[in-house]
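Okay, structure first, notes after.
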Amino acid sequence: MEPNPYNPRKILSWAQEDRPREKLMQRGKAALTDAELLAILIGMGTVDYSAVDVGKMVLDAAKGNLNELARLSLKDLTKVKGIGEAKAITIMAALELGRRRKESEVLRQRRITSAKDAYDEIRPYLLDKPHEEFWILLLNRANEVLRPVQISSGGVAGTVADPKLIFKHALEQLASSIILFHNHPSGNLTPSQADKDLTRKLKEAGRMLDLPVLDHLIFTDGGYYSFADEGIL
97 MEPNPYNPRK ILSWAQEDRP REKLMQRGKA ALTDAELLAI LIGMGTVDYS
147 AVDVGKMVLD AAKGNLNELA RLSLKDLTKV KGIGEAKAIT IMAALELGRR
197 RKESEVLRQR RITSAKDAYD EIRPYLLDKP HEEFWILLLN RANEVLRPVQ
247 ISSGGVAGTV ADPKLIFKHA LEQLASSIIL FHNHPSGNLT PSQADKDLTR
297 KLKEAGRMLD LPVLDHLIFT DGGYYSFADE GIL
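Going by my numbering, the sequence shown opens with residue 97, and the numbers climb by one from there.
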(Lines of atoms letter the chains of each structure in order from A and count residues from 1; the text may use other names and numbers.)
(Lines give C-alpha, C1' and ligand atoms only; values in the text may rest on other atoms or scores of the structure.)
Protein backbone atom coordinates (compact mmCIF):
# COMPACT_ATOMS: atom_id res chain seq x y z
CA MET A 1 0.00 0.00 0.00
CA GLU A 2 1.39 3.40 -0.93
CA PRO A 3 2.20 5.65 2.03
CA ASN A 4 -0.23 8.37 3.00
CA PRO A 5 1.59 11.72 2.65
CA TYR A 6 -1.13 13.39 4.70
CA ASN A 7 -2.19 12.96 8.30
CA PRO A 8 -3.78 9.48 8.49
CA ARG A 9 -5.85 10.22 11.61
CA LYS A 10 -9.61 10.30 11.29
CA ILE A 11 -11.32 13.61 12.03
CA LEU A 12 -13.45 12.04 14.78
CA SER A 13 -10.27 11.14 16.68
CA TRP A 14 -9.06 14.76 16.69
CA ALA A 15 -9.49 17.17 19.54
CA GLN A 16 -12.91 18.80 19.14
CA GLU A 17 -11.40 22.27 18.53
CA ASP A 18 -9.43 20.84 15.58
CA ARG A 19 -12.45 19.40 13.76
CA PRO A 20 -13.48 21.73 10.90
CA ARG A 21 -17.17 22.08 11.80
CA GLU A 22 -16.52 22.53 15.51
CA LYS A 23 -13.63 24.88 14.75
CA LEU A 24 -15.92 27.05 12.60
CA MET A 25 -18.58 27.20 15.32
CA GLN A 26 -16.11 28.00 18.08
CA ARG A 27 -13.64 30.28 16.31
CA GLY A 28 -15.44 31.52 13.19
CA LYS A 29 -15.05 30.74 9.50
CA ALA A 30 -11.91 32.86 9.09
CA ALA A 31 -10.01 30.51 11.43
CA LEU A 32 -10.30 27.59 8.98
CA THR A 33 -7.69 26.77 6.36
CA ASP A 34 -8.72 26.27 2.73
CA ALA A 35 -8.37 22.50 3.20
CA GLU A 36 -10.62 22.60 6.27
CA LEU A 37 -13.28 24.58 4.42
CA LEU A 38 -13.13 22.04 1.60
CA ALA A 39 -13.40 19.23 4.17
CA ILE A 40 -16.75 20.64 5.31
CA LEU A 41 -17.97 20.55 1.69
CA ILE A 42 -16.55 17.07 1.15
CA GLY A 43 -18.18 15.76 4.34
CA MET A 44 -16.48 12.35 4.55
CA GLY A 45 -13.07 11.06 3.67
CA THR A 46 -12.03 7.55 2.70
CA VAL A 47 -10.78 4.52 4.59
CA ASP A 48 -7.24 5.86 4.49
CA TYR A 49 -7.79 9.62 4.32
CA SER A 50 -9.75 12.09 6.43
CA ALA A 51 -11.92 14.73 4.74
CA VAL A 52 -9.19 17.30 5.48
CA ASP A 53 -6.64 15.02 3.79
CA VAL A 54 -8.88 14.85 0.73
CA GLY A 55 -9.28 18.63 0.85
CA LYS A 56 -5.49 18.97 0.79
CA MET A 57 -5.30 16.66 -2.23
CA VAL A 58 -7.94 18.75 -4.02
CA LEU A 59 -5.84 21.85 -3.36
CA ASP A 60 -2.74 20.02 -4.59
CA ALA A 61 -4.56 19.32 -7.86
CA ALA A 62 -5.09 23.09 -8.16
CA LYS A 63 -1.47 23.88 -7.17
CA GLY A 64 -2.74 25.38 -3.93
CA ASN A 65 -4.52 28.19 -5.77
CA LEU A 66 -8.28 28.76 -5.37
CA ASN A 67 -8.48 30.51 -8.75
CA GLU A 68 -6.96 27.42 -10.35
CA LEU A 69 -9.42 25.29 -8.37
CA ALA A 70 -12.31 27.21 -9.95
CA ARG A 71 -10.93 26.26 -13.37
CA LEU A 72 -11.01 22.51 -12.72
CA SER A 73 -13.71 20.57 -14.49
CA LEU A 74 -15.89 17.84 -13.04
CA LYS A 75 -13.59 15.31 -14.69
CA ASP A 76 -10.49 16.96 -13.17
CA LEU A 77 -11.95 16.93 -9.66
CA THR A 78 -13.07 13.31 -9.79
CA LYS A 79 -9.48 12.28 -10.52
CA VAL A 80 -8.66 13.16 -6.89
CA LYS A 81 -8.81 10.16 -4.56
CA GLY A 82 -11.94 10.42 -2.41
CA ILE A 83 -13.78 12.81 -4.74
CA GLY A 84 -16.75 11.32 -6.52
CA GLU A 85 -19.17 13.11 -8.80
CA ALA A 86 -21.43 14.34 -5.98
CA LYS A 87 -18.55 15.83 -3.99
CA ALA A 88 -17.07 17.40 -7.12
CA ILE A 89 -20.43 19.03 -7.92
CA THR A 90 -20.65 20.37 -4.33
CA ILE A 91 -17.20 21.97 -4.65
CA MET A 92 -18.04 23.47 -8.05
CA ALA A 93 -21.34 24.85 -6.74
CA ALA A 94 -19.61 26.49 -3.75
CA LEU A 95 -17.03 28.14 -6.00
CA GLU A 96 -19.75 29.39 -8.33
CA LEU A 97 -21.61 30.95 -5.39
CA GLY A 98 -18.39 32.73 -4.45
CA ARG A 99 -18.03 34.02 -8.00
CA ARG A 100 -21.63 35.28 -8.03
CA ARG A 101 -21.09 37.04 -4.72
CA LYS A 102 -18.16 38.92 -6.26
CA GLU A 103 -20.38 39.69 -9.25
CA SER A 104 -22.97 41.26 -6.96
CA GLU A 105 -20.30 43.38 -5.27
CA VAL A 106 -18.97 44.61 -8.60
CA LEU A 107 -22.41 45.53 -9.89
CA ARG A 108 -22.73 48.12 -7.12
CA GLN A 109 -19.86 50.05 -8.74
CA ARG A 110 -21.95 51.36 -11.56
CA ARG A 111 -20.04 54.32 -12.99
CA ILE A 112 -17.12 53.63 -15.31
CA THR A 113 -14.36 56.24 -15.12
CA SER A 114 -11.31 54.18 -16.15
CA ALA A 115 -10.16 50.97 -17.79
CA LYS A 116 -9.71 49.51 -14.29
CA ASP A 117 -13.39 50.23 -13.52
CA ALA A 118 -14.37 48.47 -16.75
CA TYR A 119 -12.13 45.49 -15.96
CA ASP A 120 -13.61 45.14 -12.46
CA GLU A 121 -17.14 45.33 -13.89
CA ILE A 122 -16.64 42.53 -16.42
CA ARG A 123 -14.35 40.37 -14.27
CA PRO A 124 -17.09 38.17 -12.75
CA TYR A 125 -18.29 37.23 -16.24
CA LEU A 126 -14.90 36.34 -17.76
CA LEU A 127 -13.00 35.00 -14.75
CA ASP A 128 -11.78 31.37 -15.07
CA LYS A 129 -13.02 30.94 -18.64
CA PRO A 130 -11.03 28.24 -20.50
CA HIS A 131 -12.16 29.52 -23.91
CA GLU A 132 -12.45 32.94 -25.56
CA GLU A 133 -15.61 35.00 -25.21
CA PHE A 134 -16.54 38.44 -26.53
CA TRP A 135 -18.59 40.80 -24.36
CA ILE A 136 -19.68 44.42 -24.46
CA LEU A 137 -20.56 46.83 -21.69
CA LEU A 138 -23.39 49.23 -22.51
CA LEU A 139 -23.21 52.68 -20.90
CA ASN A 140 -25.52 55.69 -20.66
CA ARG A 141 -24.49 59.33 -21.13
CA ALA A 142 -23.16 59.49 -17.57
CA ASN A 143 -20.96 56.44 -18.23
CA GLU A 144 -23.15 54.39 -15.91
CA VAL A 145 -23.57 50.71 -16.71
CA LEU A 146 -26.80 49.72 -18.40
CA ARG A 147 -25.85 46.07 -18.73
CA PRO A 148 -23.11 43.68 -19.87
CA VAL A 149 -23.91 41.55 -22.93
CA GLN A 150 -22.20 38.39 -24.16
CA ILE A 151 -21.79 38.53 -27.93
CA SER A 152 -20.13 35.20 -28.63
CA SER A 153 -18.32 32.25 -27.13
CA GLY A 154 -15.59 30.52 -29.09
CA GLY A 155 -12.75 28.06 -28.83
CA VAL A 156 -9.38 28.24 -27.16
CA ALA A 157 -7.90 30.20 -30.07
CA GLY A 158 -10.57 32.78 -30.81
CA THR A 159 -14.14 33.97 -30.98
CA VAL A 160 -16.33 35.94 -33.39
CA ALA A 161 -17.54 39.51 -32.84
CA ASP A 162 -20.34 40.40 -35.27
CA PRO A 163 -20.63 44.23 -35.56
CA LYS A 164 -24.32 43.99 -36.50
CA LEU A 165 -25.10 42.04 -33.33
CA ILE A 166 -23.00 44.34 -31.15
CA PHE A 167 -24.71 47.53 -32.31
CA LYS A 168 -28.15 45.86 -32.37
CA HIS A 169 -27.85 45.27 -28.61
CA ALA A 170 -26.57 48.82 -28.06
CA LEU A 171 -29.42 50.41 -30.02
CA GLU A 172 -32.09 48.26 -28.37
CA GLN A 173 -30.85 49.25 -24.91
CA LEU A 174 -30.58 52.95 -25.90
CA ALA A 175 -26.90 52.94 -24.99
CA SER A 176 -24.83 56.09 -25.47
CA SER A 177 -21.47 54.31 -25.68
CA ILE A 178 -19.95 50.85 -25.44
CA ILE A 179 -16.80 49.15 -24.19
CA LEU A 180 -15.55 45.98 -25.87
CA PHE A 181 -14.03 42.99 -24.09
CA HIS A 182 -12.56 39.68 -25.04
CA ASN A 183 -10.47 37.31 -22.96
CA HIS A 184 -7.21 35.51 -23.66
CA PRO A 185 -7.30 32.21 -21.70
CA SER A 186 -3.55 31.87 -22.30
CA GLY A 187 -2.91 34.93 -20.13
CA ASN A 188 -1.16 36.73 -23.01
CA LEU A 189 -2.06 40.44 -22.99
CA THR A 190 -0.53 41.28 -26.36
CA PRO A 191 -3.21 42.22 -28.94
CA SER A 192 -3.07 40.34 -32.23
CA GLN A 193 -3.35 42.08 -35.60
CA ALA A 194 -6.88 40.67 -35.82
CA ASP A 195 -7.68 42.32 -32.47
CA LYS A 196 -6.41 45.66 -33.77
CA ASP A 197 -8.28 45.37 -37.08
CA LEU A 198 -11.54 44.47 -35.32
CA THR A 199 -11.17 47.38 -32.90
CA ARG A 200 -10.68 49.86 -35.76
CA LYS A 201 -13.67 48.40 -37.61
CA LEU A 202 -15.97 48.65 -34.59
CA LYS A 203 -14.75 52.13 -33.67
CA GLU A 204 -15.57 53.37 -37.18
CA ALA A 205 -19.00 51.71 -37.10
CA GLY A 206 -19.70 53.31 -33.73
CA ARG A 207 -18.69 56.73 -35.03
CA MET A 208 -21.14 56.44 -37.92
CA LEU A 209 -23.96 55.39 -35.56
CA ASP A 210 -23.11 58.03 -32.92
CA LEU A 211 -22.37 55.18 -30.50
CA PRO A 212 -18.73 55.70 -29.57
CA VAL A 213 -16.54 52.75 -28.66
CA LEU A 214 -14.76 54.04 -25.55
CA ASP A 215 -12.30 51.18 -25.12
CA HIS A 216 -11.46 47.60 -25.96
CA LEU A 217 -10.02 45.50 -23.14
CA ILE A 218 -8.16 42.23 -23.51
CA PHE A 219 -9.03 40.36 -20.31
CA THR A 220 -6.97 37.83 -18.39
CA ASP A 221 -7.53 36.61 -14.83
CA GLY A 222 -4.41 38.50 -13.75
CA GLY A 223 -4.87 41.81 -15.56
CA TYR A 224 -5.92 43.59 -18.74
CA TYR A 225 -4.74 45.45 -21.82
CA SER A 226 -6.61 48.68 -22.63
CA PHE A 227 -6.55 49.94 -26.21
CA ALA A 228 -7.55 53.40 -24.95
CA ASP A 229 -4.82 53.54 -22.31
CA GLU A 230 -2.25 52.45 -24.88
CA GLY A 231 -3.39 55.17 -27.27
CA ILE A 232 -4.29 52.86 -30.16
CA LEU A 233 -8.09 53.13 -30.08
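Even for Gly, the Cβ is constructed at its ideal location relative to N, Cα and C.
Positions of the alpha helix (DSSP H) runs, each at least 4 residues long and wholly inside the region 107 to 179, are given as 116 to 123, 130 to 138, 147 to 157, 162 to 167, 170 to 173 in order along the chain. For the set 132, 239, 324, 245, the Cα lying nearest the Cα of residue 232 is the one of 245.
In the structure shown, residue 289 falls within a helical segment according to DSSP collapsed to helix, strand and coil. Annotation for residue 263: no beta strand (DSSP E) segment contains it, though the alpha helix (DSSP H) segment containing it runs 259 to 268. Assignment of beta-bridge partners to residue 229 by DSSP yields 249. Beta-bridge analysis with DSSP links residue 244 to 233.
Listed as beta-bridge partners of residue 316 by DSSP are 319.
In the three-state DSSP reduction, residue 325 falls in the coil class, being neither helix nor strand. Residue 214 places its beta carbon less than 8 Å from that of residue 311. At a Cβ-Cβ threshold of 8 Å, residue 132 and residue 148 count as neighbours. Look at residue 311 here: in three-state DSSP terms it is strand. Nearest C-alpha to residue 285 among 242, 296, 326: 326. With 16 or more neighbouring CB atoms inside 10 Å of its own CB, residue 184 falls in the buried class. Between the C-alpha atoms of residue 315 and residue 291 there is a straight-line separation of about 12 Å. In this structure, the beta-carbon distance from residue 217 to residue 281 does not fall below 8 Å. Annotation: the continuous beta strand (DSSP E) that includes residue 276 extends over 273 to 279.
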